[in-house]
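Residue numbers (the UniProt record's numbering): 1 to 303.
Glycine included, every Cβ here is placed at the ideal spot set by N, Cα and C.
Quick notes on the structure that follows.
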Amino acid sequence: MSAKLKKIQDQVVVVTGASSGIGLATAELLAAKGASVVLAARSGETLDEVVARITARGGKAIAVTCDVTDRVQVDRLAAAAVETFGRIDTWVNNAGLGFWGRLDETPEADARKLFDVNFWGLVNGCLAALPHLKKQGGALINVGSEVSEAYAPLQGMYVATKHAVKGYTDCLRVEIEKVDQAPVAVTLIQPGATDTPFPQHARNVTDQEPKLPDPQDDPQHVAEAILAAAEMPTREKKVSTSASLHVMLSKFAGGMLDRLSGKSVSKMHYDEPPRNPKGALNQPSEASGVAGQARGTGGKEPK
Numbered sequence: 001m002s003a004k005l006k007k008i009q010d011q012v013v014v015v016t017g018a019s020s021g022i023g024l025a026t027a028e029l030l031a032a033k034g035a036s037v038v039l040a041a042r043s044g045e046t047l048d049e050v051v052a053r054i055t056a057r058g059g060k061a062i063a064v065t066c067d068v069t070d071r072v073q074v075d076r077l078a079a080a081a082v083e084t085f086g087r088i089d090t091w092v093n094n095a096g097l098g099f100w101g102r103l104d105e106t107p108e109a110d111a112r113k114l115f116d117v118n119f120w121g122l123v124n125g126c127l128a129a130l131p132h133l134k135k136q137g138g139a140l141i142n143v144g145s146e147v148s149e150a151y152a153p154l155q156g157m158y159v160a161t162k163h164a165v166k167g168y169t170d171c172l173r174v175e176i177e178k179v180d181q182a183p184v185a186v187t188l189i190q191p192g193a194t195d196t197p198f199p200q201h202a203r204n205v206t207d208q209e210p211k212l213p214d215p216q217d218d219p220q221h222v223a224e225a226i227l228a229a230a231e232m233p234t235r236e237k238k239v240s241t242s243a244s245l246h247v248m249l250s251k252f253a254g255g256m257l258d259r260l261s262g263k264s265v266s267k268m269h270y271d272e273p274p275r276n277p278k279g280a281l282n283q284p285s286e287a288s289g290v291a292g293q294a295r296g297t298g299g300k301e302p303k
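What follows is the structure, given as structure tokens:
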């Protein structure tokens with residue numbers, strides 16, 4: 001049974017990691033197009049501000065403070081969506097964090113926490129959403145990365161989490177769509193480097209301020225890809241041309257990508273000490289003063 005997805009304006013959509021970056025851009029675009037949106041993140045005050053902004057424009061949205069690493073909280077998120085809007089039509093597992101550091105210098109506790117957020121947080125979202133989506137049909141959208149199929153230096157543990165996300169999503173898609181023949185579309189979205197506060201939220205164990213290499217995509221483009229998948233069943237979507245090229249090099253020219261990646265390390269940081277090395281790994285992003293914005297520095301030196 002193939003999923004028959006509703007138009008965005010008729011949907012109730014849950015978005016995790018909605019306090020900044022891609023999640024925030026997605027939530028605001030959904031609301032602008034008429035969807036009823038449930039915004040989830042650990043940064044409760046920031047979410048309240050975003051919801052106030054959305055509702056002032058005539059949109060429909062609620063905020064739910066939620067740590068995706070806690071299955072109980074994620075189940076409560078699903079319950080809040082149903083209690084407020086009556087159902088869930090699309091669930092977007094977007095919450096995730098970065099990590100800057102060599103693999104042989106990555107503290108084990110940080111690595112395990114990163115998997116708790118990026119992988120197990122997504123698993124929690126899937127398990128909370130599926131019973132609701134199976135009832136009336138809908139879309140389950142997982143946000144992976146270009147490095148779900150490729151790799152990048154100084155982000156090895158992040159890369160590992162995103163490879164795990166792709167493996168889980170691919171297997172889940174087969175089980176839900178082909179074995180169960182449930183009316184649920186399971187999609188993997190794979191952005192490339194995107195102009196968001198991702199580097200500022202990352203845990204950083206290097207001695208320099210992290211940055212993403214150029215070119216960086218607009219978070220609005222990723223949001224548009226997510227909304228498209230919410231309306232049209234889509235197996236997977238690489239958002240930018242650079243993401244597609246990165247994956248292609250990984251598959252067909254690994255030696256070349258190894259050399260290019262080795263040379264790219266200098267582009268992965270600013271020439272200044274870390275400003276917030278703890279990032280948002282063990283605290284809400286608003287605690288570090290970087291929340292409530294979709295865009296980052298755009299690859300430019302911070303002032």
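Restricting to Cα atoms, I'd like to know which of D217, W100, P233 and A80 is closest to A243. Out of D217, W100, P233 and A80, the CA that lies nearest to the CA of A243 is found in D217.
Nearest neighbour of K211, chosen from G17, T194 and L227 [CA to CA]: Of the candidates G17, T194 and L227, the one whose C-alpha sits nearest the C-alpha of K211 is T194.
Assuming contact is defined by CB atoms lying nearer than 9 angstroms, are A294 and Q220 in contact in what I supplied? yes
Taking N124 as part of the beta strand (DSSP E), name the residues at either end of that continuous run. Counting along the chain, N124 falls outside any beta strand (DSSP E), though it belongs to the alpha helix (DSSP H) covering G121 to Q136.
Take L172 and list the residues in its own chain whose beta-carbon comes closer than 7 angstroms to its own, dropping the five residues that flank it on each side. C126 and V186
Segment limits, beta strand (DSSP E) that includes T90: T90 to N93
Just curious, the alpha helix (DSSP H) that S244 is in, first and last residue? T241 to F252
Taking a contact to mean a Cβ-Cβ separation below 9 angstroms, would you say F252 touches G21 in this structure? no
Do A81 and E14 count as a contact pair if the criterion is CB distance below 9 angstroms? Residue identity differs from the one stated: residue 14 is Val in this sequence, not Glu. In contact: V14 and A81 (Cβ atoms closer than 9 angstroms).
With distance defined between alpha-carbon atoms, name the residue in L188, I226 and R71 nearest to E146. Nearest of L188, I226 and R71 to E146, Cα basis: L188.
Looking only at DSSP bridge pairs, what is V64 linked to? A40
Close-in-space but distant-in-sequence residues of the same chain around K6 (CB under 6 angstroms, 5 per side omitted): D89
Which residues in the same chain have their Cβ closer than 6 angstroms to the Cβ of G144, if we skip the five residues on either side of it in sequence? Listed in chain order, the non-local C-beta contacts of G144 below 6 angstroms within the same chain comprise K162, V165, K166, L188 and Q190, local neighbours out to five positions each way being set aside.
Can D10 be considered in contact with the ligand ZN, in the sense that its beta carbon sits closer than 8 angstroms to one or more heavy atoms? Although the ligand ZN was asked about, the structure shown includes no ligands whatsoever.
Under three-state DSSP, which class holds residue 372? The structure shown does not extend to residue 372, since the chain spans only 1 to 303, so no value can be given for it.
Per DSSP, the bridge partner or partners of V50: None, per the DSSP bridge assignment.
What's the C-alpha gap between N118 and P213? 21 angstroms
I need the boundaries of the beta strand (DSSP E) containing residue 331, first residue and last residue. The question about residue 331 has no answer, for the chain in this structure spans 1 to 303.
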